[in-house]
Amino acid sequence: MSLQIAVLAFPGMQPQDAIGPYDVFASIPNAKVYLVAKTTEPLTANGGLTLTPKVTFDNCPALDVLCVPGGFGVVEVLSDQETLDFVRKRAAEVRYMTSVCNGALILCAAGLLKGRRATTHWMSLQHLPAFGAVPIQERTVRDGNIFSGGGVTAGIDMALTVAAELVGVEMAQTIQLVMEYAPDPPFEGAGSPKTAPAALVERAHQMSSAYEEKEKKAVMQAAKRLG
1 MSLQIAVLAF
11 PGMQPQDAIG
21 PYDVFASIPN
31 AKVYLVAKTT
41 EPLTANGGLT
51 LTPKVTFDNC
61 PALDVLCVPG
71 GFGVVEVLSD
81 QETLDFVRKR
91 AAEVRYMTSV
101 CNGALILCAA
111 GLLKGRRATT
121 HWMSLQHLPA
131 FGAVPIQERT
141 VRDGNIFSGG
151 GVTAGIDMAL
161 TVAAELVGVE
171 MAQTIQLVME
181 YAPDPPFEGA
191 GSPKTAPAAL
201 VERAHQMSSA
211 YEEKEKKAVM
221 QAAKRLG
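Take the sequence shown: its letter number 64 is residue 64 in full-length UniProt numbering, and every next letter is one higher.
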């Protein structure tokens with residue numbers, strides 16, 4: 001029997017958040033992987049990339065894994081009851097519920113992370129307690145059957161970790177090797193706020209200040225609705 005895995009799609013999603021895990025999951029033998037959205041109409045992700053969902057909320061098959069990516073579009077999803085209902089409903093049915101980057105905020109708004117340890121993009125980590133979640137600044141965090149990944153590229157780490165649960169460590173290692181996933185970034189220390197110079201962290205905040213303010217407001221409203 002094949003594994004059924006879906007990656008949530010929505011306008012303004014971060015492409016790498018979805019495509020990284022999608023590629024890992026699609027490399028699992030006999031796995032069927034779908035992009036799932038409200039409709040199968042093409043949608044525009046961050047940066048202008050067009051993605052076409054394969055299934056809708058209404059005709060999505062029973063799933064083993066649901067992956068929720070992040071992106072600028074998260075601020076709209078936090079008040080999108082139809083999407084939150086889909087995520088909440090499927091979370092009760094899947095073997096593993098997963099998120100990447102600030103997609104964790106969608107899980108929060110669906111009421112899935114209260115009292116649970118989770119990670120997200122470092123700029124969004126401060127918002128997890130608003131929903132009763134326990135923030136952990138790591139690449140991948142597991143709490144029960146929920147796996148959350150940190151910012152963007154951490155989605156690959158998270159997906160490989162889930163793959164090991166689904167088909168064993170050896171197969172997950174083989175997938176990692178075939179993908180040649182052995183990060184060796186050109187700028188040592190620049191990829192994490194834990195190691196980046198303070199001036200670089202401040203510059204990143206300045207570049208993202210408009211979105212950070214939108215996200216903060218959306219989080220406050222979503223947390224209030226959730227109670």
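All C-beta atoms, glycine included, are put in the ideal place defined by N, C-alpha and C.
Note that the coordinates shown come from a computational prediction; the quantities given were computed from them, not determined experimentally.
So, with DSSP's three-state summary, where would you put residue i?
i: Ala172; result: helix
i: Ile146; result: strand
i: Pro53; result: coil
i: Ile19; result: helix
Terminal residues of the continuous beta strand (DSSP E) containing residue i?
i: Ala37; result: 31-37
i: Cys108; result: Premise fails: Cys108 lies in the alpha helix (DSSP H), 104-109, not in any beta strand (DSSP E).
i: Tyr96; result: 96-100
i: Leu66; result: 65-68
By the 10 Å Cβ neighbour count, where 16 or more other Cβ atoms means buried, how is residue i classified, buried or exposed?
i: Asn102; result: buried
i: Gln14; result: buried
i: Met220; result: exposed
i: Arg203; result: exposed
i: Gln206; result: exposed
i: Thr195; result: exposed
i: Gln16; result: buried
i: Gly48; result: exposed
i: Leu113; result: buried
i: Pro197; result: exposed
i: Met97; result: buried
i: Gly115; result: exposed
Just to confirm the assignment, what range does the alpha helix (DSSP H) spanning residue i have?
i: Leu112; result: No alpha helix (DSSP H) contains Leu112, which DSSP labels as neither H nor E.
i: Leu200; result: 198-207
i: Ala164; result: 154-167
i: Glu76; result: 74-77
Residues bridged to residue i by DSSP?
i: Leu3; result: Ala31
i: Thr140; result: Gly149
i: Leu84; result: None, per the DSSP bridge assignment.
i: Pro135; result: Ala118
i: Thr44; result: Thr50
i: Leu125; result: Leu125 pairs with nothing; no bridge assigned.
Nearest-angstrom Cα distance between residue i and residue j?
i: Phe10; j: Val201; result: 28 Å
i: Lys214; j: Thr44; result: 19 Å
i: Lys224; j: Ile106; result: 14 Å
i: Pro193; j: Val134; result: 19 Å
i: Leu226; j: Val94; result: 22 Å
i: Val100; j: Phe25; result: 14 Å
i: Gly149; j: Val65; result: 14 Å
i: Gly191; j: Ser124; result: 16 Å
i: Asp80; j: Val169; result: 37 Å
i: Pro61; j: Ala199; result: 48 Å
i: Glu138; j: Ala222; result: 24 Å
Report whether the distance from the Cβ of residue i to the nearest heavy atom of the ligand MG is below 7 Å.
i: Glu170; result: What this structure holds is no ligand at all, so the ligand MG is not there to describe.
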